[in-house]
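Structure first, commentary second.
Numbering (the numbering used here), first residue to last: 34 to 247.
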């Protein structure tokens with residue numbers, strides 16, 4: 034079972050997410066938090082697999098709570114998926130830098146959200162299309178990104194995988210589209226990261242954008 038902690042300052046929102054999560058056979062809600070402080074404390078105590086984290090909460094916001102969870106050795110195994118109505122570029126980058134593994138809008142379809150929880154629990158990361166655009170807008174000028182010509186080292190299939198990553202596809206979605214196994218996709222992603230010398234999917238998105246793959 035995937036153990037999920039819900040962190041949102043609105044009880045009705047938490048209740049709706051709880052019903053959705055508990056309706057899935059492979060996951061359960063283990064606790065709910067109404068503030069960032071509660072989210073950090075409950076994550077440390079219960080060590081859920083995934084924390085669904087809102088950004089706008091009283092006192093300690095979701096991004097600071099994420100930073101504390103990731104920095105704490107006792108709770109660092111819990112992966113944070115941020116859900117918010119605010120996909121501003123600054124929020125996305127702050128959340129990713131704090132250690133969040135995913136970023137989705139609250140109006141995400143229920144089935145997509147459940148799949149996102151599974152993706153994050155499995156150790157992968159994901160960005161919604163809106164969050165992807167925000168990262169690109171904010172980060173294109175960063176000097177540590179791979180130059181477009183470095184994509185020449187990629188095979189045709191790796192370029193295809195990179196293009197799908199750039200439009201926000203998860204590994205499972207890429208596997209479905211290319212008719213291969215998720216493990217094959219994961220291997221392709223690892224090779225692309227190694228060839229381009231970057232550490233995460235965010236940099237892959239930007240590299241694809243710079244190279245004109247999207």
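All residues carry an ideal CB built from backbone N, CA and C; glycine is no exception.
Assign residue i to one of two classes, buried (16 or more other C-beta atoms within 10 Å of its C-beta) or exposed (fewer than that).
i           : result
residue 72  : buried
residue 124 : buried
residue 34  : exposed
residue 145 : exposed
residue 39  : buried
residue 240 : buried
residue 210 : exposed
residue 95  : buried
Rounded to the nearest angstrom, how far is the Cβ of residue i from that of residue j, given a contact under 8 Å?
i           : j           : result
residue 60  : residue 52  : Incorrect: roughly 12 Å between the Cβ atoms, too far for contact.
residue 77  : residue 105 : 6 Å
residue 93  : residue 133 : Between residue 133 and residue 93 the Cβ distance is about 15 Å, and since that is not below 8 Å, they are no contact.
residue 212 : residue 37  : Incorrect: roughly 31 Å between the Cβ atoms, too far for contact.
Is it true that the CB of residue j sits closer than 8 Å to the CB of residue i?
i           : j           : result
residue 154 : residue 112 : yes
residue 68  : residue 91  : yes
residue 195 : residue 226 : no
residue 191 : residue 221 : yes
residue 219 : residue 186 : no
residue 199 : residue 238 : yes
residue 141 : residue 203 : no
residue 30  : residue 158 : As shown, the chain starts at 34 and ends at 247. That puts residue 30 outside it, with no answer to give.
residue 143 : residue 117 : no
Using DSSP's beta-bridge definition, name the partner residues of residue i.
i           : result
residue 60  : 35
residue 40  : 66, 86
residue 138 : 117
residue 112 : 83
residue 159 : 135
From residue i to residue j, what does the alpha carbon distance come to, in whole angstroms?
i           : j           : result
residue 136 : residue 126 : 10 Å
residue 89  : residue 82  : 22 Å
residue 130 : residue 58  : 32 Å
residue 244 : residue 214 : 27 Å
residue 148 : residue 201 : 14 Å
residue 79  : residue 50  : 19 Å
residue 249 : residue 156 : Absent from the structure is residue 249, since the part of the chain shown begins at 34 and ends at 247.
residue 217 : residue 110 : 25 Å
residue 184 : residue 242 : 11 Å
residue 193 : residue 70  : 42 Å
residue 114 : residue 87  : 9 Å
residue 46  : residue 56  : 16 Å
Give a yes or no on whether 8 Å exceeds the smallest Cβ distance from residue i to chain C.
i           : result
residue 113 : No chain C appears in this structure, which consists of one protein chain only.
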